[in-house]
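S.K.: Residue numbers (my numbering), protein chains in the order written: chain U, 2 to 281; chain E, 323 to 646.
Every residue gets a Cβ at the ideal spot worked out from N, C-alpha and C, and that includes glycine.
I have a structure I would like to understand better, so I am pasting it below and will then ask my questions one at a time.
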């Protein structure tokens, strides 16, 4: 049995991890189907008469201070959170793997320069930089949020990849491949990437939850993907001032956030245990 | 050891310089200017704007502005806030202690809570206690800190009226109280914002502590101690926890960025007059000198945390190569 198939079996036997995966899939389905099954999240059928209404048949999760349907906005909010969380994690992993390979395979000088740069980058106050950029960039599209979060989030991955490449470079099977005349690209593709993949997948999957929380924090401050586009962060902002009189406005997106992040973390923990049986 | 410390210190200084340069460029290269106001609300006549820009040197080319800023910085001059019309140093002097109080309290509380929970989980590995604490830390670890803050505010402030929800002191009360009374008043205001920050971070610490301890409990020297006939409690306290102490200090040092980021959100919810509030206001007002100075202070705090983490790790674990 291949190590990957063994890992898949360990993952399937891990009930919390499977539950997390199911919830993530359900959230993704909700995000995709939201436009079909719910009303327009921006619609204000009666801007004055329908403010902060409690849950009812017409509005199962009530309405917000702008008379908009909270259920529809919560489901649509999943789009931004999942897009940014998964998109930025994937992009960050790609960047980090690229830099890590370059540092591990390049010469001493390349390695020194890249890793000192990464050390400095890890000391940057990420939130201050992101706040500054998005405060100035009023109409940043979601893609820009993805790119900037990824651009400030790949440093740790590059260290992981570099460390395992440095270890693998000396391994006998790599030396054998080189002796048999494999080119550098072939060695990277066939021998290095498969070994680097496990730790990288684990760190990326555990990062998705953190990125979703980071995006929610930005949009809670009114930055990044801006209102009126529904995001869980800006919905909580809308509900902040009516916390006592209309708690559903902030509770619905907050619960959706916690549920989604818990699900990603369960799946990530499960992947870690499945791919690295020693750590379980 | 000394060589290692000097190298790390030099590196910390370099990273702070990089933070200042990057922030300066980012802020000045971005479109929009402090003097122009927003498009909907023009603040002044073109002549006034030109005069103001000249006054603050914003009409000069960017490299010249940067050299001047760097020169001032080297002399310890942080410049003036365009918006508050106060020296930036004075703004920071007012805000920084408040953030250090909030962040420091939260850090200590989260370390105590998190490490205790993690140790308990490791000691009761694969029992119901472990599972319950595991579920609790997983949920807290996944909660947005601002949402937790709002929930605490809703329950303990607005609902039960146990604790104040905004600011650092009760207005109008300060002058009548004794020193102790004032300190207690601040402490009461501190509880909710500090709890919001601490609970989330405690969950992260607990998760780390549990897996670090479980790893140590499987290590050779712990097995050897067991073989000598030591009880489980003695093994845990004398051997496993000691191995984890260095990593605890490292953890505390590396958590500085989290507390800085969290303070921006939590201070805005609870009206805590700290660095996070200053950063938030300055960013929206495009108050260049304040933004750069906040980035500088954050950079120094993060670099100091990293330095502490590295040194603690090297002292605690002689196997770590000091060279590099």
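What does residue 410 (chain E) reach in chain U if we use C-beta pairs closer than 7 Å?
M.R.: The premise fails here: residue 410 (chain E) is roughly 15 Å from chain U at the closest Cβ pair, so nothing lies under 7 Å.
S.K.: Answer with buried or exposed for residue 455 (chain E), where buried requires no fewer than 16 other C-beta atoms within 10 angstroms of its C-beta.
M.R.: It is buried - the Cβ of residue 455 (chain E) has at least 16 other Cβ atoms within 10 Å.
S.K.: In whole angstroms, what separates the C-alpha of residue 392 (chain E) from that of residue 611 (chain E)?
M.R.: Whole-angstrom Cα-Cα distance: 12 Å.
S.K.: Please report the Cβ distance between residue 337 (chain E) and residue 549 (chain E), rounded to the nearest whole angstrom; I am assuming they are in contact, meaning their Cβ atoms lie under 8 Å.
M.R.: The Cβ separation is near 46 Å, so there is no contact.
S.K.: For residue 657 (chain E), return the contacting residues in chain U, with the cut-off set at a CB-CB distance below 8 Å.
M.R.: As shown, chain E starts at 323 and ends at 646. That puts residue 657 (chain E) outside it, with no answer to give.
S.K.: Do residue 61 (chain U) and residue 72 (chain U) come within 7 Å of each other at the CB atom, strictly closer than that value?
M.R.: Yes. Within cutoff.
S.K.: By the three-class DSSP mapping on this structure, what secondary structure does residue 451 (chain E) have?
M.R.: Note: residue 451 (chain E) maps to helix in three-state DSSP.
S.K.: Using the Cα positions of residue 559 (chain E) and residue 17 (chain U), report the straight-line distance between them to the nearest angstrom.
M.R.: If you take the alpha carbons of residue 559 (chain E) and residue 17 (chain U), they lie about 31 Å apart.
S.K.: Could you check whether the stretch 28 to 47 of chain U touches the stretch 203 to 212 of chain U, counting it as contact only if at least three pairs of C-beta atoms, one from each stretch, sit closer than 8 Å?
M.R.: Not touching, per the Cβ criterion.
S.K.: Using a Cβ-Cβ cutoff of less than 6 Å, which residues in the same chain neighbour residue 571 (chain E) once the five nearest sequence positions on both sides are dropped?
M.R.: Closer than 6 Å at the Cβ level, and outside the excluded window around residue 571 (chain E), lie 634.
S.K.: Which value, in whole angstroms, describes the spacing of the CA atoms of residue 370 (chain E) and residue 345 (chain E)?
M.R.: Roughly 27 Å between the two C-alpha positions.
S.K.: I'd like the ranges of any alpha helix (DSSP H) spanning at least 4 consecutive residues and lying wholly in the stretch 454 to 484 of chain E.
M.R.: For the stretch 454 to 484 of chain E, whole alpha helix (DSSP H) runs of length 4 or above, ordered along the chain, are 467 to 474.
S.K.: Identify whether residue 64 (chain U) lies in helix, strand or coil by the three-state DSSP scheme.
M.R.: Residue 64 (chain U): strand per DSSP, three-state reduction.
S.K.: Is residue 469 (chain E) close to chain U? Criterion is C-beta to C-beta, closer than 7 Å.
M.R.: Yes, its Cβ sits closer than 7 Å to a Cβ of chain U.
S.K.: Tell me where the alpha helix (DSSP H) around residue 266 (chain U) begins and ends.
M.R.: Segment 249 to 276, the alpha helix (DSSP H) holding residue 266 (chain U).
S.K.: Could you tell me the distance, in whole angstroms, from the CA atom of residue 36 (chain U) to the CA atom of residue 524 (chain E)?
M.R.: Between residue 36 (chain U) and residue 524 (chain E), the C-alpha separation is close to 39 Å.
S.K.: Does the beta-carbon of residue 5 (chain U) have 16 or more other beta-carbons within 10 angstroms, so that it is buried, or is it exposed?
M.R.: When all chains shown are included, residue 5 (chain U) counts as exposed.
S.K.: How many Å lie between residue 487 (chain E) and residue 511 (chain E) at the Cα?
M.R.: About 7 Å.
S.K.: Between the Cα of residue 79 (chain U) and those of U:241, U:234, U:238, U:239, spot the shortest distance and give me the residue it belongs to.
M.R.: Residue U:234 is the option with its Cα nearest to residue 79 (chain U).
S.K.: Take residue 494 (chain E) as the anchor and find which of E:507, E:485, E:484 has the nearest alpha-carbon.
M.R.: Checking every option, the nearest Cα to that of residue 494 (chain E) belongs to E:507.
S.K.: Looking at chain U, is there any beta carbon in it that lies within less than 7 Å of the beta carbon of residue 493 (chain E)?
M.R.: No, residue 493 (chain E) lies away from the interface with chain U (no Cβ there is under 7 Å from its Cβ).
S.K.: Check whether chain E comes within 7 Å of residue 244 (chain U), counting only Cβ atoms and requiring the distance to be less than that.
M.R.: Cβ-Cβ to chain E under 7 Å: yes for residue 244 (chain U).
S.K.: From residue 31 (chain U) to residue 257 (chain U), what distance separates their C-alpha atoms?
M.R.: Each residue's alpha carbon lies about 11 Å from the other.
S.K.: With three or more beta-carbon pairs closer than 8 Å as the criterion, would you say the stretch 525 to 541 of chain E touches the stretch 432 to 440 of chain E?
M.R.: These segments touch.
S.K.: In whole angstroms, what is the alpha-carbon distance linking residue 111 (chain U) and residue 167 (chain U)?
M.R.: For residue 111 (chain U) and residue 167 (chain U), the distance between alpha carbons rounds to 13 Å.
S.K.: State the start and end residues of the unbroken alpha helix (DSSP H) segment that holds residue 206 (chain U).
M.R.: Here the alpha helix (DSSP H) through residue 206 (chain U) covers 194 to 221.
S.K.: Kindly list the residues whose CB is nearer than 7 Å to the CB of residue 270 (chain U), restricted to its own chain and excluding five residues on each side of it in sequence; keep chain order.
M.R.: Excluding positions up to five away in sequence, the list reads 18.
S.K.: Would you check if the distance between the CB atom of residue 177 (chain U) and the CB atom of residue 22 (chain U) is smaller than 7 Å?
M.R.: No, these two residues do not count as a Cβ contact at 7 Å.
S.K.: Contact defined as beta carbons within less than 8 Å: I believe residue 429 (chain E) pairs with residue 577 (chain E). What is the distance between those atoms, to the nearest angstrom?
M.R.: The Cβ separation is near 7 Å, so the contact holds.
S.K.: For the alpha helix (DSSP H) that contains residue 507 (chain E), what are its first and last residues?
M.R.: Start and end: 501 to 539.
S.K.: Between the Cα of residue 303 (chain U) and the Cα atoms of U:173, U:127, U:170, which residue gives the shortest distance?
M.R.: Past the edges of chain U, shown from 2 to 281, lies residue 303 (chain U), and the structure says nothing about it.
S.K.: So what's residue 409 (chain E) in DSSP terms, helix, strand or just coil?
M.R.: The answer is strand: DSSP assigns residue 409 (chain E) an E or B state.
S.K.: Report yes if the CB atom of residue 534 (chain E) is closer than 7 Å to the CB atom of residue 585 (chain E), and no otherwise.
M.R.: Not a contact, by the Cβ cut-off of 7 Å.
S.K.: Would you grab the beta carbon distance between residue 260 (chain U) and residue 476 (chain E) for me? Rounded to a whole angstrom, and I think it's under 8 Å.
M.R.: Not confirmed; about 19 Å, so no contact.
S.K.: Rounded to whole angstroms, what is the Cα-Cα separation between residue 169 (chain U) and residue 406 (chain E)?
M.R.: In a straight line, the C-alpha of residue 169 (chain U) is about 56 Å away from that of residue 406 (chain E).
S.K.: Using the Cβ count rule (16 or more neighbours within 10 Å means buried), how would you classify residue 87 (chain U)?
M.R.: Answer is buried; the Cβ neighbour count reaches 16.
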